[in-house]
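As structure tokens, the structure follows; a few thoughts come after it.
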Amino acid sequence: METTGGQAVRVRGLRKRYGTARTGWKQAVAGVDLDVGRGEVVAVLGPNGAGKTTTVEILEGFRARDDGEVLVLGEDPARADRAWRARIGVVLQDSRDLGELTVGEVVRATARSYPEPRDPAELIATVGLEEKARTRLRALSGGQRRRLDVALGIVGRPELLFLDEPTTGFDPQARRTFWELVESLRDGGTTILLTTHYLDEAARLADRVVVVREGVVVAEGPPGTLGGAEARTPLVSWMQDGAPRSEVTDRPTELVARLAREAAGPDGEVPHLQVVRPSLEDVYLSLIGAEVGAVGTTTGAQTGTAAEEGTR
Ligand SMILES: Nc1ncnc2c1ncn2[C@@H]1O[C@H](COP(=O)(O)OP(=O)(O)OP(=O)(O)O)[C@@H](O)[C@H]1O
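As structure tokens, then:
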């Protein structure tokens with residue numbers, strides 16, 4: 001049961017394709033390497049169809065792989081037993097169809113399948129569903145249903161929690177409450193692997209971000225340094241002689257000082273002067289090869305937008 005080198009997840013050369021010889025093949029995962037350390041929070045980002053869910057489902061033991069090495073909590077999920085399953089928590093993209101049961105019934109029933117579950121009533125309160133404990137699942141809103149999914153994922157006190165697009169459909173308040181919940185799990189030592197389309201979510205929660213594109217990892221690193229120093233180089237833009245001008249420079253102050261001397265109008269101002277440091281969103285969009293205008297057309301203030309909005 002021991003994990004290798006304090007690692008919760010170790011993946012090498014993971015491959016999975018869908019289809020048949022007749023219908024044609026779709027290589028969903030094309031050689032993914034991935035490590036998640038004990039106690040680490042890792043966010044997997046990538047456009048629709050990049051292979052995130054397929055990868056996570058293989059790690060959860062729900063999907064067979066074609067090739068590659070996978071160790072999750074020291075075991076191969078394809079051969080893992082009930083004891084292993086009790087050590088991981090899973091929050092799927094779609095909750096199961098248990099519409100006639102109440103929130104309380106589902107949480108209590110799920111709790112009984114784990115050796116050391118959380119207290120169901122406390123957990124229901126933690127995810128903000130106290131007033132819905134007696135409500136049938138079919139009467140919950142999408143966001144409430146999602147919170148229930150999260151409750152079911154953590155009721156067994158998992159060592160490793162998988163969150164697949166956990167806050168899709170949440171309102172801003174619910175998202176913040178959820179983030180606090182994830183942070184408290186992290187502070188309690190839970191290892192977390194989440195997939196998300198929200199860059200602000202990744203920036204806030206993740207120690208490390210892994211960007212997947214067309215079934216392979218194209219970049220990884222802490223959210224603040226993803227893409228390397230070069231990707232974060234500031235862009236200075238201004239108007240000169242009626243034309244837009246811009247320059248990428250790691251010495252923006254020097255450039256602005258020069259512009260103040262050479263390009264300022266009679267009022268002493270450089271027209272339309274702007275210094276923009278590429279945000280995580282800008283770096284992400286360039287990594288996944290999305291069509292964006294000039295770098296710097298988005299600003300740091302916009303990292304709250306869903307990444308997928310920029311890729312559609
Ligand atoms: N059961 C399946 N049968 C056939 N093709 C599939 C199946 N599941 C996924 N695919 C295809 O495999 C590719 C990867 O899908 P996957 O769901 O892993 O991507 P994803 O990164 O999770 O996307 P999203 O962000 O939309 O959830 C896609 O092209 C998808 O259409």
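The sequence shown begins at 1 in full-length UniProt numbering and counts up by one. No residue lacks a Cβ here, since even glycine has one placed at the ideal position from N, Cα and C.
Residue i bridges to which residues according to DSSP?
i, result
"Ile192", "Val41, Leu161"
"Leu14", "Val32"
"Gly19", "Trp25"
"Val9", "Val36, Val72"
For a quick check, are the C-beta atoms of residue i and residue j less than 8 Å apart?
i, j, result
"Gly68", "Arg10", "no"
"Val103", "Thr53", "no"
"Arg213", "Gly46", "yes"
"Val91", "Phe162", "yes"
"Gly289", "Ala28", "no"
"Leu280", "Pro223", "yes"
"Val155", "Arg118", "yes"
"Ala43", "Ala219", "no"
"Val275", "Val256", "yes"
"Leu287", "Gly227", "yes"
"Pro252", "Pro234", "yes"
"Pro158", "Thr190", "yes"
"Leu181", "Ala8", "no"
Exercise for the section: Flag this pair as touching only if the region 26 to 41 and the region 205 to 223 have three or more C-beta atom pairs under 8 Å; answer yes or no. Expected result: Touching, per the Cβ criterion.
Practice task
For ligand 1, list every residue whose C-beta falls under 5 Å from any of its heavy atoms, going in chain order.
Solution key: Result (chain order): Tyr18, Ala28, Asn48, Gly49, Ala50, Gly51, Lys52, Thr53, Thr54.
Exercise for the section: Give, in chain order, every unbroken run of the alpha helix (DSSP H) that is at least 4 residues long and sits entirely within the region 203 to 282. Expected result: Taking 4 residues as the minimum length, the alpha helix (DSSP H) runs contained wholly in the region 203 to 282 are 228 to 231, 252 to 262, in order along the chain.
Handout entry: Runs of beta strand (DSSP E) lying entirely within the region 61 to 139, each at least 3 residues, in chain order
Key = 67 to 72, 88 to 91, all fully within the region 61 to 139.
Practice task
Determine, using beta-carbon pairs with one atom in the region 125 to 134 and one in the region 145 to 161, whether at least three such pairs fall under 8 Å.
Solution key: Segment contact: the region 125 to 134 against the region 145 to 161, three or more CB-CB distances shorter than 8 Å; contact assigned.
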